[in-house]
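*Asks:* The numbering used here puts the sequence shown at residues 1222 to 1333.
For every residue, glycine included, the Cβ atom is placed at its ideal position computed from N, Cα and C.
Just so we're clear, the structure is a prediction, and the values are computed from it rather than from any experiment.
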Amino acid sequence: MSRLVFKAILVVSALFFTGFFAAIVLPALIENPDVWGAFAAGFVNPYSSGYSMDVLVCWAILAAWVVYEARTYSVRKGWVCLLLGIVPGVAVGFALYLLLREKQVRQVRRDA
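#1: For L1304, is the classification buried or exposed, using 16 other Cβ atoms within 10 angstroms of its Cβ as the cut-off for buried?
#2: Is R1327 helix, strand or coil by DSSP?
#3: Alpha carbon to alpha carbon, how far is L1250 from A1259?
#4: Along the alpha helix (DSSP H) that carries Y1272, what are the first and last residues, could you check?
#5: Please work out which residues of its chain come closer than 6 Å, Cβ to Cβ, to A1281, disregarding the five sequence neighbours upstream and downstream, and give them in chain order.
#6: How far does the alpha helix (DSSP H) with R1224 in it extend, from its first residue to its last?
#7: What residues in its chain sit with their C-beta under 8 Å from that of C1279, if we drop five residues either side in the sequence?
#8: Between the C-alpha atoms of S1273 and V1329, what's the straight-line distance to the nearest angstrom?
#9: Compute the Euclidean distance between the alpha carbons of R1292 and E1252, then round it to the nearest angstrom.
#10: Would you decide whether R1224 is buried or exposed? Buried here means 16 or more other CB atoms lie within 10 Å of its CB.
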């Protein structure tokens, strides 16, 4: 896969998820602005609880990766990806981190 195709897939995926998230979540949140209630609604049955826990653990893994690479490889601005991993979601934070990391790693390789 070429770098261009890889980046395009990441950008399109992040934008798709952001649009989907906005279309589904924002109207409900505007109607009832209870953020904690909205979070708890992700755990209303065993199926949604499993998916919600998967998302939370994926965010924790992303956070560990961001912190590790910030200290080990000096990848900067990963904290922005962690914030975007909370809202709109891990899919966006993860895609952005891959784009950010790829750009910085490519730059380091070029300088070496």
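*Replies:* The relevant details are as follows:
#1: By 1-based counting over the sequence shown, the position of residue 1304 is 83. Exposed, by the Cβ-count rule.
#2: Within the sequence shown, the letter at position 106 stands for residue 1327. In the structure shown, R1327 adopts helical secondary structure according to DSSP, grouped into three states.
#3: As a working mapping, residue 1250 is identified with position 29 in the sequence shown. As a working mapping, residue 1259 is identified with position 38 in the sequence shown. Those two C-alpha atoms are separated by around 7 Å.
#4: Here the question's residue 1272 lines up with position 51 in the sequence shown. Per DSSP, Y1272 belongs to the alpha helix (DSSP H) from P1267 to T1293.
#5: Counting from one through the sequence shown, the residue named residue 1281 turns up at place 60. For A1281, same chain residues with a beta-carbon under 6 Å away, outside a window of 5 residues either side, do not exist.
#6: Within the sequence shown, residue 1224 is the residue found at index 3, counting from 1. Per DSSP, R1224 belongs to the alpha helix (DSSP H) from R1224 to E1252.
#7: Locating residue 1279 in the sequence shown gives position 58, where the first residue counts as 1. So the list reads V1311 and F1315, once near-sequence residues are dropped.
#8: By one-based count along the sequence shown, residue 1273 stands at place 52. By one-based count along the sequence shown, residue 1329 stands at place 108. Near 36 Å, if we compare the C-alpha coordinates of V1329 and S1273.
#9: Taking the first residue of the sequence shown as 1, we reach residue 1292 at position 71. Taking the first residue of the sequence shown as 1, we reach residue 1252 at position 31. Rounded to whole angstroms, R1292 and E1252 show a C-alpha spacing of 42 Å.
#10: Locating residue 1224 in the sequence shown gives position 3, where the first residue counts as 1. Exposed is the call here.
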